[in-house]
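Enquirer:
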Amino acid sequence: MAHPKRKISKTRRDKRRTHYKLNAPGLAQCPTTGEFHLPHRAFWLDGKLYYKGQVIIEKEVVA
Numbered sequence: 039m040a041h042p043k044r045k046i047s048k049t050r051r052d053k054r055r056t057h058y059k060l061n062a063p064g065l066a067q068c069p070t071t072g073e074f075h076l077p078h079r080a081f082w083l084d085g086k087l088y089y090k091g092q093v094i095i096e097k098e099v100v101a
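Here our numbering is used: the first residue of the sequence shown is 39, the next is one more, and so on.
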């Protein structure tokens with residue numbers, strides 16, 4: 039089995055791992071409502087489900 043010839047220091051190990059970062063998701067703006075949402079996804083706003091700027095489902099409020 040392979041063994042390291044010298045111990046890798048914590049600093050050197052951590053420097054190698056610094057490139058793994060979490061990126062913020064890109065957001066798209068709805069042309070109808072102006073709401074920001076994930077691209078290629080439907081989103082709810084005021085009881086309505088929007089996709090590509092069109093209302094897909096209207097949720098009825100039960101009183």
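We treat Cβ as the ideally placed atom computed from N, Cα and C, and that holds for glycine.
(1) Lys-48 lies in the alpha helix (DSSP H); which residues open and close that run?
(2) Skipping 5 residues on each side, what residues in its chain have a beta carbon closer than 6 Å to that of Leu-65?
(3) If we ignore side chains and look at the alpha-carbon of each, how far apart do His-41 and Tyr-89 end up?
(4) What separation, rounded to the nearest whole angstrom, lies between the Cα atoms of Tyr-58 and Arg-50?
(5) From the DSSP output, in three-state form, read off His-78 for me.
Expert: Reading off the structure:
(1) If you number the sequence shown from 1, residue 48 lands on position 10. From DSSP, the alpha helix (DSSP H) with Lys-48 extends over 48 to 54.
(2) Numbered from 1 along the sequence shown, position 27 holds the residue referred to as residue 65. Taken in chain order, the residues that qualify are Phe-74.
(3) Counting from one through the sequence shown, the residue named residue 41 turns up at place 3. Counting from one through the sequence shown, the residue named residue 89 turns up at place 51. Straight-line Cα distance between these residues: approximately 55 Å.
(4) Translated into positions along the sequence shown, residue 58 becomes position 20. Translated into positions along the sequence shown, residue 50 becomes position 12. Using only the alpha carbons, I get a separation of about 15 Å.
(5) Numbered from 1 along the sequence shown, position 40 holds the residue referred to as residue 78. Collapsing the DSSP output to three states places His-78 in coil.
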